[in-house]
Amino acid sequence: MGFLHALKEQGTATVYKIQCELPSMSRPLYETILTGVTPTLSGIVNNQVARNSNQKSVFSLARQAGLTTAAAAFHWYSELYNCSPYDAVRDRHTQDTEQLIQYGCFYHGEHYADSYLYLDAESLRLRHDPDFLLIHPMNIDNAGHKEGMDSAHYRNTVRRSDSELSKYLPTWIDAGYQILITADHGMNDDKSHGGTLSTERDIPLFVIGKHFSHQQSCTPKQIEICGIICELLGIEDHNKSVSENLLLKDQLMKKQYFKVITS
Ligand SMILES: [Zn+2]
């Protein structure tokens with residue numbers, strides 16, 4: 007991902023290597039990333055558990071705080087946080103301020119082009135100005151299942167995703183967004199994933215934005231991504247774990263100051 011690494015080389019982005027929770031599967035880890043809860047505790051232990059999340063998530067906590075939420079994502083996110091089972095006609099284009107994901111553009115074909123998905127996301131951002139926007143492309147995972155992780159198809163799909171990001175990230179960075187780029191899990195040589203191999207578990211976390219410390223010594227965990235986002239959104243009393251030193255202390259101090267003078 008040459009563009010992301012160019013941002014790293016110029017000091018705009020910092021990348022951390024983190025390990026995904028188990029099982030290294032999609033739906034369980036969507037829930038982990040958005041709730042900070044491991045699959046064995048959330049009960050979303052395989053891809054077939056198609057029900058609403060019963061945990062506090064970035065979406066529910068943001069809504070509780072009166073913030074605006076949006077997602078351009080696979081339909082399993084709609085099932086976890088909005089309506090389950092997914093009804094494409096009803097749910098593909100969601101615009102409902104009562105839902106946890108108020109503005110959604112959901113897809114259900116795993117081959118849905120990343121280029122369209124990023125367009126969907128940018129359109130949601132421009133039309134609804136969400137406080138939190140989840141963008142979830144699927145082509146890399148799909149390429150791994152089709153051709154395996156050691157294939158030109160897999161690697162080239164990653165390169166195309168990097169190129170898509172290069173179309174939008176400069177605008178988002180200029181607009182002052184705090185951006186996290188990560189994966190739910192990796193892939194194995196058998197064109198699948200789910201277990202404990204390093205290729206299945208080792209994933210990146212790129213962070214961009216002035217509220218991150220950009221300290222290389224931080225060791226964030228996948229279960230802390232939810233808490234990091236809650237902190238960035240200014241959500242109080244979220245009770246989610248947050249990685250030590252990943253965020254700038256003066257931001258947190260400012261918030262405490264804000265808290266004191268408003269209470
Ligand atoms: Zn997969």
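Per my numbering, the sequence shown starts with residue 7, numbered consecutively.
Beta carbons: idealized from backbone N, C-alpha and C, even for Gly.
Item, Value
"Backbone secondary structure at I185 - three-state DSSP", "strand"
"Exposed unless 16 or more other CB atoms sit within 10 angstroms - verdict on K246", "buried"
"Touch test, the region 204-217 against the region 184-192, Cβ-Cβ under 8 angstroms, three pairs minimum", "yes"
"Per-residue burial, R33 [other beta carbons within 10 Å of its own, 16 or more giving buried]", "buried"
"Ligand 1 heavy atom lying under 7 angstroms from the CB of H11", "no"
"Heavy atom of ligand 1 within 7 angstroms of L156 beta-carbon", "For the sequence presented, residue 156 should be read as Asp rather than Leu. No, Cβ of D156 sits at least 7 angstroms from all heavy atoms of ligand 1."
"Unbroken beta strand (DSSP E) run spanning Q221, endpoints", "Run containing Q221: none; DSSP gives neither H nor E here."
"Beta-carbon gap between L171 and F9 smaller than 8 angstroms", "yes"
"Beta-carbon proximity of L106 to C236, cut-off 8 angstroms", "no"
"Option in R98, P226 and L47 with minimal Cα separation from Y118", "R98"
"Backbone secondary structure at H159 - three-state DSSP", "helix"
"Contact belief for S30 with G201 at Cβ below 8 angstroms, rounded distance in angstroms", "6 angstroms"
"Reduced DSSP secondary structure (H/G/I, E/B, other) of A71", "coil"
"R166 versus L123, P136, G115 and Y183, residue with shortest Cα-Cα distance", "L123"
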